[in-house]
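Structure first, commentary second.
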Amino acid sequence: MNLTAVLLTGLLAGGVSCAAVQGGLLAALIARQRRVPASARPVSVPSRVRARHAAESGSPRWGGFGDDLVPVGGFLAGKLISHTVLGALLGALGATVRLSVHVSAALQLLAGTVIIVFGLAQLGVPGLRRIVVEPPASMGKLVLRSARSQAAFAPGLLGLASILIPCGVTLSVEALALTSGSALGGAATMAVFVIGTSPLFAVLGYAARKAATAWRGRLAVATGLALLVMGVITFNGGLEVAGSPLAASRLAAQFTSTSTGANTAAATSVIADGHQTVQINATSDGYSPSTTHARAGIPITLRVHSDDAQGCIRSFTVPDLNVQQILPASGDTEIELGTLQPGTLAYACGMGMYTGTITIN
Amino acid sequence: MTTSNTVELTVQGMHCGSCALLIDDALTDVPGVISSTTSSKAQRSTVTHDQRATHADIVAAIEALGYRAEPSTAS
Numbered sequence: 009m010n011l012t013a014v015l016l017t018g019l020l021a022g023g024v025s026c027a028a029v030q031g032g033l034l035a036a037l038i039a040r041q042r043r044v045p046a047s048a049r050p051v052s053v054p055s056r057v058r059a060r061h062a063a064e065s066g067s068p069r070w071g072g073f074g075d076d077l078v079p080v081g082g083f084l085a086g087k088l089i090s091h092t093v094l095g096a097l098l099g100a101l102g103a104t105v106r107l108s109v110h111v112s113a114a115l116q117l118l119a120g121t122v123i124i125v126f127g128l129a130q131l132g133v134p135g136l137r138r139i140v141v142e143p144p145a146s147m148g149k150l151v152l153r154s155a156r157s158q159a160a161f162a163p164g165l166l167g168l169a170s171i172l173i174p175c176g177v178t179l180s181v182e183a184l185a186l187t188s189g190s191a192l193g194g195a196a197t198m199a200v201f202v203i204g205t206s207p208l209f210a211v212l213g214y215a216a217r218k219a220a221t222a223w224r225g226r227l228a229v230a231t232g233l234a235l236l237v238m239g240v241i242t243f244n245g246g247l248e249v250a251g252s253p254l255a256a257s258r259l260a261a262q263f264t265s266t267s268t269g270a271n272t273a274a275a276t277s278v279i280a281d282g283h284q285t286v287q288i289n290a291t292s293d294g295y296s297p298s299t300t301h302a303r304a305g306i307p308i309t310l311r312v313h314s315d316d317a318q319g320c321i322r323s324f325t326v327p328d329l330n331v332q333q334i335l336p337a338s339g340d341t342e343i344e345l346g347t348l349q350p351g352t353l354a355y356a357c358g359m360g361m362y363t364g365t366i367t368i369n
Numbered sequence: 025m026t027t028s029n030t031v032e033l034t035v036q037g038m039h040c041g042s043c044a045l046l047i048d049d050a051l052t053d054v055p056g057v058i059s060s061t062t063s064s065k066a067q068r069s070t071v072t073h074d075q076r077a078t079h080a081d082i083v084a085a086i087e088a089l090g091y092r093a094e095p096s097t098a099s
């Protein structure tokens, strides 16, 4: 999954899920602090109840929007820091176990399966309902202590601690960070996800708490469906990296070739001195052309021309030949494929999101 | 003399650990509630309270957050 998809996931699924629930904790915290300044007396129980009611109903007495930006910003900054650090750790961990294209594919298939199971559990599928990741009670108490702190930095602390109470969507993005292949990739995945949650967090979790209250109890279905979509995309990414004929791009290619005949957009190899060169381009949009033709029985050099290649597109794999090559952002990379028999050779980015094929005739 | 009671509630609508914490946070604000432990996995909340809090108060506090709650046992 590329970072744009992660951003959209954060913006839609993560934003709604996090905003409705963690936003409630934050709103109550701010309301308590507004009601009883840090320097003042201990909080009495009735005043805390009034403060919560103010938080839930969006009462204007706990400050204007400008005043609220500081605690909400503090919370989001804390959340961004803890999630980015975890993303870096997960990415680094994934990089150490990513021994080959096949292990990478297996990791993605496993992550996709786990995400799909989480999604089905969230949707209440019989037999899976009890598969819920619940943080240990000690972690929950730690988060709750942050939420009830009167300290000025409490919103930031709650944001940091929110890493301990991940929802299913967050867990899925953590799985993606694990399969990103590097500490930087993992950190970017988690950071982009949190940044994606921010706008809806600000709107739903804070300015429109009534709406969030109405939605909160119905989020299981929404997050379950979002997880299913993410799980299927991640699982397909594993299939693409593995070069499986069941991968979406291969199925689509089969469908296209049976319905429209030969792909007219396909390029062909250049043969000279008993050797042929196949050129494809790697840009920020993926690989092109999607299909290239080459001759069987003649050694093939694959030249990948990078032009502003970004993200996982730079992690170029040819699963059937166990080739894994990091491309430069710009420049040419030559990969010797040897002499091949007639058939179709698939290539993909390291995440299986961008693909293409070389048809050997 | 203050006596305490414990009520167990079935809570529906929780989708993650944060929901359970949000409920515990809200119940702590209800006068008379001494402690509460909510589990999103078990879809249950166990609340210890004194006579100042009624079951209706506890259910109302949970439902005000957008979840559905119903006492299942009491002691």
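So the sequence lines, in the order shown, correspond to chains A and B. For what it's worth, my numbering labels the leading residue of the first sequence as 9, then goes sequentially. For what it's worth, my numbering labels the leading residue of the second sequence as 25, then goes sequentially. The beta carbon of each residue, even a glycine, is placed where N, CA and C say it ideally should be. Every value quoted in this text rests on a predicted model; they were computed, and no experiment measured them.
- Item | 6 angstroms Cβ shell around Val181(A) - same chain, five flanking residues per side excluded | Contacts found: Phe201.
- Message: Quick check on the burial criterion: 16 or more other C-beta atoms within 10 angstroms. Buried or exposed for Val83(B)?
- Response: Around the beta carbon of Val83(B), 16 or more other beta carbons sit within 10 angstroms, so the residue counts as buried.
- Just reading off the alpha helix (DSSP H) that Ala85(B) is part of, what are its end residues? Bounds of the alpha helix (DSSP H) holding Ala85(B) are His79 to Glu87.
- Task: Assign Thr52(B) to one of three DSSP states: helix, strand, or coil.
- Result: When DSSP states are grouped into helix, strand and coil, Thr52(B) belongs to the helix group.
- Does the pairing of the segment 355-369 of chain A with the segment 281-300 of chain A give three or more beta-carbon distances under 8 angstroms? In short, these stretches touch, since the Cβ pair count reaches three.
- the segment 42-65 of chain B: which residues have C-beta closer than 8 angstroms to a C-beta of chain A, in chain order? Going along the segment 42-65 of chain B in chain order, one finds Ser42, Cys43, Ala44, Leu45, Leu46, Asp48, Asp49, Ala50, Thr52, Asp53, Val54, Pro55, Thr61, Ser63, Ser64 and Lys65 with a Cβ nearer than 8 angstroms to chain A.
- Give the single residue among Ala337(A), Ile368(A) and Leu118(A) whose Cα lies nearest to the Cα of Gly346(A). For Gly346(A), the nearest C-alpha among the options comes from Ile368(A).
- Which residues, in order along the segment 150-162 of chain A, keep a beta-carbon less than 9 angstroms from a beta-carbon of chain B? Cβ contacts with chain B come from Val151, Leu152, Ala155 and Arg156.
- Task: Consider the Cβ of Pro79(A): report whether some Cβ of chain B lies at a distance smaller than 9 angstroms.
- Result: No, no contact with chain B.
- Message: Out of Gln318(A), Leu353(A) and Thr291(A), which one is the CA nearest neighbour of Leu310(A)?
- Response: Closest option to Leu310(A), Cα to Cα, is Leu353(A).
- Message: Rounded to whole angstroms, what is the Cα-Cα separation between Leu184(A) and Ser206(A)?
- Response: Their backbone Cα atoms lie some 20 angstroms apart in a straight line.
- Which chain B residues are close to Leu208(A), counting only those with a beta carbon under 9 angstroms from its beta carbon? None at all; the shortest Cβ gap to chain B is about 15 angstroms.
- Item | Per-residue DSSP class, three states only, for Phe201(A) | Three-state result, Phe201(A): helix.
- Compute the Euclidean distance between the alpha carbons of Gly81(A) and Ile38(A), then round it to the nearest angstrom. Their Cα atoms are separated by approximately 12 angstroms.
- Item | Nearest neighbour of Asn29(B), chosen from His39(B), Thr61(B), Ala80(B) and His73(B) [CA to CA] | Answer by Cα proximity: His73(B).
- Which partner residues of Ser277(A) appear in the DSSP bridge assignment? According to DSSP, Ser277(A) bridges with nothing at all.
- Message: Using C-beta distances below 6 angstroms, list every residue in its chain close to Cys43(B), excluding the 5 sequence neighbours before and after it, in chain order.
- Response: Within the same chain, Cys43(B) has close Cβ partners Ser64.
- Query: CB Leu236(A) to CB Leu131(A), shorter than 9 angstroms?
  - Reply: Their beta carbons are under 9 angstroms apart, which means Leu236(A) touches Leu131(A) by this criterion.
- Gln333(A): first and last residue of the uninterrupted beta strand (DSSP E) it sits in: The continuous beta strand (DSSP E) containing Gln333(A) extends over residues Val331 to Ile334.
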